[in-house]
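In what follows, a single structure is set out as structure tokens and then discussed.
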Amino acid sequence: MSSIADGTGRVDARAASERRSLPLTAKVALLALAAAIPLLFAGDYQLRFLAEILIIGTAVLSLDLLVGFGGLVSLGHAVFFGGAAYAAAIAAQTLGADVVVMLAVGIATGMAAALLMGVVVMRTIALFFLILSLIVGQIVWEVVFHWREVTGGADGLRGFPVLTLHTGFATIPLNNGVALYLAALVLAFAAYLAARSFVTAPIGRALLGTRERQLRMSALGYSIPRIRLMALLASGAIAGAAGALYPFVNQYVGPNAVHWTMSAMMIIMLVIGGVGSLYGAFIGSAIYLGIQTYVSSYTDRWQLVVGLVFVLTVMIMPKGVVAGLKAAFGRRTSGEGRS
19 MSSIADGTGR
29 VDARAASERR
39 SLPLTAKVAL
49 LALAAAIPLL
59 FAGDYQLRFL
69 AEILIIGTAV
79 LSLDLLVGFG
89 GLVSLGHAVF
99 FGGAAYAAAI
109 AAQTLGADVV
119 VMLAVGIATG
129 MAAALLMGVV
139 VMRTIALFFL
149 ILSLIVGQIV
159 WEVVFHWREV
169 TGGADGLRGF
179 PVLTLHTGFA
189 TIPLNNGVAL
199 YLAALVLAFA
209 AYLAARSFVT
219 APIGRALLGT
229 RERQLRMSAL
239 GYSIPRIRLM
249 ALLASGAIAG
259 AAGALYPFVN
269 QYVGPNAVHW
279 TMSAMMIIML
289 VIGGVGSLYG
299 AFIGSAIYLG
309 IQTYVSSYTD
319 RWQLVVGLVF
329 VLTVMIMPKG
339 VVAGLKAAFG
349 RRTSGEGRS
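Counting from 19, one number per residue, gives the positions in the sequence shown under the working numbering.
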């Protein structure tokens, strides 16, 4: 098989792999097929579980905008997600649980929380950003935990109205596994497109520049706090949309949804899936929640398994599962090209 070499005689493996890459229509068809398979073989419980993976994966995707592209590691990210979950759960009791209204409430709540956090932390970076985001998150958790009349306190909130979709001709209840899975799938796809558009737009390139060359970006006239605030707002909007659907999957939302441990769990998912790989967020979410759900049924030490997976990922595939598989596949196709 012919190969492409540069002036030094080295094989251009990237070009060879690009020749073997699938066209866009084929990729879309494969994704559609993969998304349809659970509808054929999974039961209601499994579909609800997949919906939860997609929803939390969407929240992890929003975190990747900050960590992977802005270098801003946050331990308060659960405020955007959990705050929107509480807002949607409370609003559903008075406004009804129309999915469009819930998403609007969630996005608005996530962006408001991001704006509040941005005012506090946008001029800091690295360790100071981490600590301040943790403090803001803990303040919100204290409010949620002790404001029992509104949030239910330690017991959380239960018994929401059925999530519905108003089409103009009929009202479709989204109260079964199939409907919730499809709603989460649409949300995840829309969030991925929005995040991808953000990182490829000039604001996303500027955000990446603030991570790599902060002094140079400042010298060029860019406002670093403004760029980071824009990233926080975009991240908060996506996390808020995910949080708006979260209470309706298990008909429950509790104070753990805004606790710093939820933020830490998202970071672990992100590292496992791959920091900077937008769809790696869903891979990391699936691995973590799969261990939590199925391994915990055999042993209460499932967190040890998560820890082992995390350590092995960092040691063997430091850029995450997605990047590791890409590298392995690239080496294999490169070897085939030289044969």
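Glycine included, C-beta positions come from ideal geometry on N, C-alpha and C.
Inset, instruction - Could you pull out every unbroken alpha helix (DSSP H) segment of at least 4 residues lying fully inside the segment 244-314, listed in chain order? - result: 278-291 and 298-312
Legend entry - Option in Ala44, Val217 and Phe300 with minimal Cα separation from Gly203: Residue 203 is actually Leu in this sequence, not Gly. Of the candidates Ala44, Val217 and Phe300, the one whose C-alpha sits nearest the C-alpha of Leu203 is Phe300.
Legend entry - Per-residue DSSP class, three states only, for Pro191: strand
Legend entry - Bounding residues of the beta strand (DSSP E) (the contiguous stretch that carries Leu93): Element bounds for Leu93: n/a, residue is neither H nor E.
Legend entry - Distance CB(Gly256)-CB(Ala77) smaller than 9 angstroms: Note on identity: in this sequence residue 256 is Ile, with Gly being the wrong assignment. The answer is yes: Cβ separation under 9 angstroms.
Legend entry - Where the beta strand (DSSP E) containing Thr169 begins and where it ends: Element bounds for Thr169: not the beta strand (DSSP E) but the alpha helix (DSSP H), Arg166 to Thr169.
Inset, instruction - Using a threshold of 9 angstroms, state whether the C-beta atoms of Leu225 and Asp82 are closer than that. - result: no
Legend entry - One or two residues paired with Asp116 in a DSSP bridge: Thr182
Inset, instruction - Ignore the nearest five residues each way along the sequence and tell me which others in Leu343's own chain have a CB closer than 7 angstroms to its CB. - result: none
Inset, instruction - Could you check if Thr189 is buried or exposed, using at least 16 other CB atoms within 10 Å of its CB as the buried criterion? - result: exposed
Legend entry - Limits of the unbroken alpha helix (DSSP H) element including Pro220: Pro220 to Glu230
Inset, instruction - Count the other CB atoms, across all protein chains shown, that sit within 10 Å of the CB of Val339; report buried if there are 16 or more and exposed otherwise. - result: buried
Legend entry - Simplified DSSP assignment, three categories, for Leu238: coil
Inset, instruction - Could you tell me which residues DSSP puts in a beta bridge with Leu322? - result: Leu322 is not bridged to any residue.
Inset, instruction - State yes or no: is the C-beta of Gly114 nearer than 8 angstroms to some heavy atom of the ligand SAH? - result: Judged by which ligands are present, the structure shown has none, so any question about the ligand SAH falls away.
Inset, instruction - State the start and end residues of the unbroken alpha helix (DSSP H) segment that holds Ala172. - result: Looking at the DSSP string, Ala172 is not in any alpha helix (DSSP H), and its letter there is neither H nor E.
Inset, instruction - Decide if the segment 258-268 is in contact with the segment 101-117; the criterion is three or more beta carbon pairs, one per stretch, under 8 angstroms apart. - result: yes
Inset, instruction - Taking Thr317 as part of the alpha helix (DSSP H), name the residues at either end of that continuous run. - result: Run containing Thr317: none; DSSP gives neither H nor E here.
Inset, instruction - State the DSSP-derived secondary structure class of Gly61, mapped to helix, strand or coil. - result: coil
Legend entry - Proximity to Ile286 [Cα-Cα], best of Arg66, Thr43 and Leu326: Leu326
Inset, instruction - Inspect the CB distances between the segment 211-222 and the segment 60-71 and report whether three or more fall short of 8 angstroms. - result: no
Inset, instruction - Could you check how far apart the C-beta atoms of Val276 and Gly100 are, in whole angstroms? I think they sit under 8 angstroms. - result: 3 angstroms
Inset, instruction - Can you tell me the Cβ-Cβ gap for Pro273 and Phe163, rounded? I've got them flagged as a contact below 8 angstroms. - result: 5 angstroms
Inset, instruction - Quick one: measure Cβ to Cβ for Leu181 and Asn193, integer angstroms, because I've assumed they're closer than 8 angstroms. - result: 7 angstroms
Inset, instruction - Determine the burial state of Ile74: buried for a count of at least 16 other Cβ atoms within 10 Å of its Cβ, exposed for fewer. - result: buried
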